[in-house]
Amino acid sequence: MIFERLQKEFEAARASQSQEINLDGEQWNDGLLATIREQVHMEADRKTTSGDANDMPTSHFQEKVTYRVGNKQLFMYVLCYCCICEIISRELKLVSEQVICCLEGTRIGILYETSFAGEPCELYHCVLESKSFLEKMTVLEHTIPFFLPIREVENDLLSSNAMRFIDHIGELLQAYVDRREQVRLVKELYGNQIGELYHSLPYHMIEFVLEDSDCKVTVSLRYPDLVSVLPTRVKVLAWPMHQYKKSHTSSAGAMGSQPIPARLSYAEDALRTMSLPEAYAEIVLNLQQALQQMFQGGS
């Protein structure tokens, strides 16, 4: 399978560290990637012209240097072993990592290591290639989920800002994993309270029903984009049942024969500002008080 094949290539390309140099965050840019690309093509040309890499002097290619790059948002390590360059970036907020290795030929591979709550999740690969140093890079192959827009990001960013392309794919993957794991955790903790749950493949649209003895609460979440981990369009409706339905319909008259839902503003605020498991706990904790205020306050 492509995953196992690429994983073996990445492991073979990574080398041990011998020296570490601290760099400013601004030094992680397209210029650094251009240097990596140049090394890739120089090494490929050297092997082509020599016919046997073992015939060439090795003193220059045995040097192993590690670069550490950090700023307010990213924490990175860069390992350079001739044409072997590794960049491990840690996003302080989501704790994601990216590993960049120069593969055989003129290929550069990016390994994305996703995580949730400090625990590792899936690995994803993306392999870039260019026919020559002067030509733009293209995505040769990848293991990124098909529902994430890697081709659109490639067209928009790769030729103009390769660093941003690499970072943005990492953001897409980490945000997807974060949203998915939030849903998984809610199901794991409160599955007996959730009657129905639907979501899109990238988890940027989520809907579920909270079954309560006194009402049914429907929750609808829409995320502004695929790199967001908090929704912006939130709707939480409480549908009265039993005694709440009786008191609500009696005060509404004839038109009240059908229950009228009420919006739970406190729940919507929680979902906009907290992770889904935290917001769910907040909703359940204050649900009974909110229902009494809405459906019995005027009775």
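Per the working numbering, the sequence shown runs over residues 3 to 301. For every residue, glycine included, the Cβ atom is placed at its ideal position computed from N, Cα and C. Remember, predicted model here, so these are calculated numbers, not experimental data.
Within 7 Å, strictly: CB atoms of residue i and residue j
i: A177; j: V229; result: yes
i: G111; j: A46; result: no
i: A272; j: E284; result: yes
i: L212; j: F149; result: no
i: Q195; j: L278; result: no
i: V231; j: A269; result: no
i: R109; j: V129; result: yes
i: R39; j: F167; result: no
i: H206; j: Y225; result: yes
i: M165; j: L35; result: yes
i: Q100; j: G33; result: no
Close beta carbons around residue i, own chain, < 6 Å, minus the five adjacent residues each side
i: C123; result: T116, S117 and V179
i: S161; result: K138
i: F5; result: T145
i: T60; result: For T60, the predicted model reports a pLDDT of 44, less than 50, meaning its position is unreliable; a value from the coordinates is still stated below. No residues qualify anywhere along the chain.
i: Y302; result: Shown here, the chain extends from 3 to 301; a query on residue 302 therefore has no answer.
i: L187; result: P279
i: H62; result: Residue placement at H62 is poorly supported in this model, since its pLDDT is 46, which falls under 50; the coordinates still yield a value, given next. So no residue of the chain qualifies.
i: M257; result: In this prediction, M257 scores a pLDDT of 45, lower than 50, which makes its location untrustworthy; the coordinate-derived value is nonetheless stated afterwards. There are no such residues.
Which residues DSSP lists as bridging residue i, in chain order
i: G111; result: C103 and V129
i: F118; result: E121
i: L281; result: Checking the sequence shown, residue 281 turns out to be Ala, not Leu. Per DSSP, none; premise fails for A281.
i: V238; result: V221
i: R265; result: L239
i: K11; result: Reading off the sequence, residue 11 comes out as Glu, not Lys. Answer is none; E11 lacks a bridge partner.
i: E213; result: K218
Residues near residue i in its chain [Cβ-Cβ closer than 7 Å; skip 5 each side]
i: A281; result: A272 and L273
i: A15; result: I86, C103, C104 and L105
i: E143; result: I4 and V129
i: P233; result: L223, R224, Y225, L273 and R274
i: N288; result: Y268
i: Y192; result: Y282
Neighbourhood of residue i by C-beta, 8 Å cutoff - its chain only, sequence neighbours within 5 removed
i: W241; result: C217, K218, V219, T220, P261 and P263
i: R182; result: Y205
i: K189; result: I196 and L199
i: R153; result: V141
What beta strand (DSSP E) runs, 3 residues minimum, are completely inside the region 131-211? Listed in chain order, they are 140-144 and 196-201.
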